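Comments concern the structure below.
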Amino acid sequence: MNVSLSAPAPLRDGKAKVLVVDDVAENLVAMRALLQSDGVEVLCAASGAEALELLLAHEVAVALLDVHMPEMDGFSLAELMRGASRSREVPIIFLTASPSDPRRAFKGYEAGAVDFLHKPIEPQVILGKVTVFVELFQQRRLLKERADSLERALHLNETMMAVLTHDLRTPLSAMLLCAEKLALQLPDDERVQRTLSHLETSGWRMARMVEQLLDFSRIRSGGLRLEPRALELGELLAGAVGEVRRAHPDAQIALEVAGPLPLTADTDRLVQVVGNLVGNAVIHGQGGPVAVAAGPADAGGVFLRVSNRGRIDESLLPRLFEPFKGSFQSSHGLGLGLFIADQFVQAHGGRLQAFNRDDQVHFEAWLPAVAGRPHRG
Numbered sequence: 006m007n008v009s010l011s012a013p014a015p016l017r018d019g020k021a022k023v024l025v026v027d028d029v030a031e032n033l034v035a036m037r038a039l040l041q042s043d044g045v046e047v048l049c050a051a052s053g054a055e056a057l058e059l060l061l062a063h064e065v066a067v068a069l070l071d072v073h074m075p076e077m078d079g080f081s082l083a084e085l086m087r088g089a090s091r092s093r094e095v096p097i098i099f100l101t102a103s104p105s106d107p108r109r110a111f112k113g114y115e116a117g118a119v120d121f122l123h124k125p126i127e128p129q130v131i132l133g134k135v136t137v138f139v140e141l142f143q144q145r146r147l148l149k150e151r152a153d154s155l156e157r158a159l160h161l162n163e164t165m166m167a168v169l170t171h172d173l174r175t176p177l178s179a180m181l182l183c184a185e186k187l188a189l190q191l192p193d194d195e196r197v198q199r200t201l202s203h204l205e206t207s208g209w210r211m212a213r214m215v216e217q218l219l220d221f222s223r224i225r226s227g228g229l230r231l232e233p234r235a236l237e238l239g240e241l242l243a244g245a246v247g248e249v250r251r252a253h254p255d256a257q258i259a260l261e262v263a264g265p266l267p268l269t270a271d272t273d274r275l276v277q278v279v280g281n282l283v284g285n286a287v288i289h290g291q292g293g294p295v296a297v298a299a300g301p302a303d304a305g306g307v308f309l310r311v312s313n314r315g316r317i318d319e320s321l322l323p324r325l326f327e328p329f330k331g332s333f334q335s336s337h338g339l340g341l342g343l344f345i346a347d348q349f350v351q352a353h354g355g356r357l358q359a360f361n362r363d364d365q366v367h368f369e370a371w372l373p374a375v376a377g378r379p380h381r382g
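The sequence shown: position 143 = 148 (my numbering), numbered continuously.
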């Protein structure tokens, strides 16, 4: 038989396999002669039991099942294939020599067939259908290979970033310590002290970037762990806002806390959230005042709000908490501050949102009274 349809290209790591199940040996020989090519290997089985053994050992692009077979017919085999995770997604084409019967065809489709063909079958028809499923199989395998490769590359990049940032902390700490000692030992010359001040400021900014990269790596790798303990949010805010004031002595930061706000949360992570949000507000607040407010929330738990002058473009708001997308990305940071703050709030079972109102930008977080217990009401 002379068929002009071209065969699929070979797979890089082996041929695509087509399973043919028929209890008539001559039919198996004919199918192998028709379908076998450089890119396709035909697996032949004379019974349902043989077919199941082949399915356990091979990944199959498509299966051609004869309906009429002793012991186990094609419908029963198809049902067993659909019940196994390895062969559940294999496309099935039923072949039958019986006259066309709508009820029988319906049973075939109900058993999971993608097609139902009646013998004698034109070679061009069966080869064309098999070629389509083989090409789809090749595309799925190629996409999986690419996805696996990207996943490995991402994992390698995250591992390298974690190792690199961890190793940077030691020389960076030594540099900052030396800068502090030099500031005390060198002459009280304005130019020298100004240079040392710039060195120290840049060193601390680099240290914050290293910490952000480490947090980013922990978040992406699932290694973020909370250590919750009982705390008073008002006291935590006073300390965190005090640190931002020392870093930005000219900033106008007002803190208002309504009543005692006991929480069970990770102190270090919450301090980092507050530092990121308040620092972001100071840097991008156009030199205006920054308001920090906290109090009990109507839904239970507490709220924390940081407000500053300005406006965030509405098109940016939906992507504000994506890594390297937020407004914190500038010469002051890596664009990870808002992403990390959002992830830390979520890890506590809370939520963080940003919105514009009254010519101001507002970042508002809701936190449950106990870390990891989101409000269900």
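From the three backbone atoms N, C-alpha and C, an ideal C-beta is built for every residue, glycine too.
These numbers were taken from a predicted model, which means no experiment stands behind them.
For secondary structure counted as the beta strand (DSSP E) over 3 or more consecutive residues, the region 184 to 272 holds these complete runs in sequence order: 234 to 237, 258 to 262, 267 to 270. Assigned with DSSP and collapsed to three states, Gly377 falls in coil, not helix or strand. For Asp303, the secondary structure class from DSSP, reduced to helix, strand or coil, is coil. Asn313 is a Cβ neighbour of Val366, given a cutoff of 7 angstroms. Put simply, the backbone Cα of Arg87 is about 16 angstroms away from that of Val26. Secondary-structure assignment with DSSP links Asn313 through a beta bridge to Val295, Val366. For the pair Ala259 and Ser202, the Cα-to-Cα distance works out to about 27 angstroms.
Ser42 and Val139 have their C-alpha atoms some 12 angstroms from each other.
About 6 angstroms separates the Cβ atoms of Ala245 and Gly280, confirming a contact at the 8 angstroms cut-off.
Judged by beta-carbon spacing, Ala298 lies within the 7 angstroms limit of Arg310, meaning their Cβ atoms are closer than that value.
Membership of Phe121 in the beta strand (DSSP E) is indicated by the continuous run 118 to 123.
At the C-beta level, Leu69 and Gly79 stay beyond 7 angstroms of one another.
In the DSSP assignment, Ile98 falls within the unbroken beta strand (DSSP E) covering 97 to 101. Of Gln257, Leu181, Ala256, Leu238, the smallest CA-CA separation from Asp273 is found for Leu238. Within the same chain, Cβ atoms closer than 8 angstroms to the Cβ of Arg93 are found at Met86, Arg87, the five residues on either side in sequence being excluded.
Nearest to Leu268 by alpha-carbon distance, out of Gly305, Pro294, Gly227, is Gly305. Assigned with DSSP and collapsed to three states, Lys134 falls in helix. A distance below 7 angstroms separates the beta carbons of Cys49 and Leu33. No Cβ-Cβ contact shorter than 7 angstroms links Ala352 with Leu159. Beta-bridge partners of Ala68 (DSSP): Leu24, Ile97. A residue is called buried when at least 16 other Cβ atoms come within 10 angstroms of its Cβ; Pro96 meets this threshold and is buried.
Per DSSP, reduced to three states, the secondary structure at Gln358 is strand. In terms of Cα proximity to Ala296, the closest of Arg251, Val262, Leu82 is Val262.
By a beta-carbon distance limit of 8 angstroms, Ala270 contacts Leu372. Their separation comes to about 7 angstroms. In this model, Ser320 and Ile131 are separated by some 52 angstroms (Cα to Cα). Counting only the Cα atoms, Glu150 lies some 33 angstroms from Ser52. Your pair Lys22 and His63 checks out as a contact, with CB atoms roughly 5 angstroms apart and the cut at 8 angstroms. The beta-bridge partner set that DSSP reports for Val34 is empty. The C-beta separation of Val67 from Val135 comes to about 6 angstroms, placing the pair in contact by the 8 angstroms criterion.
In chain order, Gly306, Ala370, Trp371, Leu372, Pro373, Pro379 place their CB closer than 8 angstroms to the CB of Gly355, counting only its own chain and leaving out the 5 sequence neighbours on each side. Secondary structure note for Val45: its beta strand (DSSP E) is the uninterrupted segment 45 to 50. Here DSSP, grouped into helix, strand and coil, assigns Leu39 to helix. Taking C-beta atoms as the reference points, Leu182 and Gly208 fail to come closer than 7 angstroms. Here Phe308 carries a strand assignment [DSSP, helix/strand/coil]. Between the C-alpha atoms of Ala89 and Met77 there is a straight-line separation of about 16 angstroms.
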